[in-house]
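Asker: The structure's right below; bear with me while I get my questions together.
In this note's numbering, the protein residues as written are 1308 to 1508.
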């Protein structure tokens, strides 16, 4: 009889322990899963890391919120953000190193010499307090830089107002991004990089 009671008590104790630890484990998982609620966050320098853009497919974080952007070409804010971009300007070049330069598929549109193209480069310019985004050129497969003079509206690089007469000015902040083809009707897999901010030299 004593053995049966002892066994029963051990069983009850085991069930209780499993219930308690099981609930705690479920609680922890629930908290972790709800911690990324899609809201904007800030890094230690106070720079906004906006997560209200496209599906996060492993690319970097956008450095501006895309929710109020005026898109002068295709609105790609909902495209999957799969590429990481760290833009910079120097030596007469706008440097756009991104990790999908040799990965994204080529488009049916070809360069003037017939070479393959797999994306477009974008600039984000603030006009009267509102960000405007436009493509300013095509990206060849493997290409990660453009002449700084190509980042402008003047000369037909950006044909849409209000950026069709815009040129970058020293000291101003601009955003840069690359995406799979978004100019005209040419499309491939609808992916993009993060928006990377640069102070024009």
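Note that the Cβ used here is the ideal one computed from N, Cα and C, for glycine as well.
I need the DSSP call for residue 1440, collapsed to helix, strand or coil.
Answerer: strand
Asker: Along the chain, where does the beta strand (DSSP E) that runs through residue 1425 open and close?
Answerer: Note, residue 1425: beta strand (DSSP E), 1424 to 1434.
Asker: Secondary structure at residue 1455, three-state DSSP: helix, strand or coil?
Answerer: helix
Asker: Just grab the DSSP bridge partners of residue 1417 for me.
Answerer: In DSSP, residue 1417 forms a bridge with 1423.
Asker: Quick one: residues in its chain with C-beta nearer than 6 Å to the C-beta of residue 1407, no 5 flanking neighbours on either side, listed in chain order?
Answerer: 1390
Asker: With DSSP collapsed to three states, give me the class of residue 1386.
Answerer: coil
Asker: Using the C-alpha atoms, what's the distance from residue 1457 back to residue 1430?
Answerer: 11 Å
Asker: Counting C-beta neighbours from all protein chains within 10 Å, is the total for residue 1500 16 or more, i.e. buried, or is it exposed?
Answerer: buried
Asker: Is residue 1480 buried or exposed, if buried means 16 or more other CB atoms sit within 10 Å of its CB?
Answerer: exposed
Asker: With residue 1488 and residue 1409 assumed to form a contact (beta carbons below 8 Å), what rounded beta-carbon distance in angstroms separates them?
Answerer: Residue 1488 to residue 1409, Cβ: 16 Å. No contact.
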